[in-house]
Amino acid sequence: MTSNVSFPKIILWVAVFILMMYFFWMGVLGDYVREVFPNSLVVRKLSADGGDWGSFGDFLGGVLNPIIAGLTLWKVMDSSKEQSEFLNGASKSIAASAVSQAEISRLQKENLELQKNLVEANERLVRISAIDFISKSSFSGLDSKLSFYHEIAARYTNADTSERIRIEEMLGGLEEPINKMKEQIKVFESMVQEMLSEEAKK
């Protein structure tokens with residue numbers, strides 16, 4: 011947590027406090043102490059000697075140096091704490107971002123897999139529909155042709171000799187075309203069964 015009081019302000023207030031206390035003691039309390047304790051060691055006036063002020067400077071430096079060093083250490087520790095908190099927050103954000111990216115990647119993968127399955131299912135439906143359509147249309151045509159040949163065959167069976175000769179001449183014989191139609195039906199049935207078996211395996 012960031013401190014509400016800035017570091018330079020603390021140093022300034024410490025220095026002002028020390029100076030105020032020194033001059034207050036020596037200037038104000040000094041006169042009072044002289045009257046009450048005339049023989050006291052602290053009874054002295056402000057010196058006009060530069061050496062005395064040099065000693066005071068040494069005193070002031072000796073007092074302020076540890077304070078400044080302590081404040082500096084405190085500031086370093088505070089900055090270290092702030093950096094640690096920042097790094098912890100950044101690491102948590104990175105971890106949360108990594109988890110989010112992993113979840114997004116998983117959802118995208120599932121979506122692609124679902125789309126792939128839908129495409130495959132649609133292709134199978136199209137193939138099955140095509141097989142069904144072809145089988146129905148082809149068998150319908152074959153059934154009509156077979157019905158025609160059965161009708162001709164029935165007429166041929168019930169006809170007399172002259173009628174049979176006329177039918178044979180007109181059609182060029184019934185046995186061969188009927189056999190061809192049967193072979194075509196068998197081949198087509200085999201193809202349809204093979205395609206349906208392939209679809210069932212998928």
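The working numbering puts the first residue of the sequence shown at 11, with every later residue one more than the last. Beta carbons: idealized from backbone N, C-alpha and C, even for Gly.
Mapping DSSP to helix, strand and coil, what is residue i?
| i | result |
| --- | --- |
| Asp170 | coil |
Do you know how far the Cα of residue j is from the Cα of residue i?
| i | j | result |
| --- | --- | --- |
| Ile78 | Val26 | 13 angstroms |
| Leu22 | Trp84 | 16 angstroms |
| Leu135 | Leu117 | 27 angstroms |
| Pro76 | Ala108 | 47 angstroms |
| Glu204 | Glu120 | 33 angstroms |
| Ser101 | Val86 | 22 angstroms |
| Thr82 | Gln111 | 43 angstroms |
| Glu130 | Ser207 | 17 angstroms |
| Ser89 | Ala106 | 25 angstroms |
| Asn30 | Gly67 | This sequence places Met at residue 30; Asn is not what is there. Going by the C-alpha atoms only, they are around 14 angstroms apart. |
| Gln93 | Gly64 | 42 angstroms |
| Asn132 | Met201 | 22 angstroms |
| Ile104 | Val24 | 42 angstroms |
| Ile20 | Lys91 | 19 angstroms |
| Glu193 | Asn127 | 39 angstroms |
| Leu122 | Ser115 | 11 angstroms |
| Glu173 | Lys196 | 32 angstroms |
| Gly80 | Glu113 | 49 angstroms |
| Phe96 | Leu124 | 42 angstroms |
Excluding the five sequence neighbours on either side, which residues of its own chain have a C-beta within less than 8 angstroms of the C-beta of residue i, listed in chain order?
| i | result |
| --- | --- |
| Ile28 | Leu70, Val73 and Leu74 |
| Asp170 | none |
Considering only residues of the same chain and omitting the five flanking positions on each side of residue i, which have a CB-CB separation below 6 angstroms?
| i | result |
| --- | --- |
| Asn98 | none |
Taking the runs of the beta strand (DSSP E) that are 3 residues or longer, which of them lie wholly in the stretch 83 to 130?
Uninterrupted beta strand (DSSP E) stretches at least 3 residues long and entirely within the stretch 83 to 130 do not occur.
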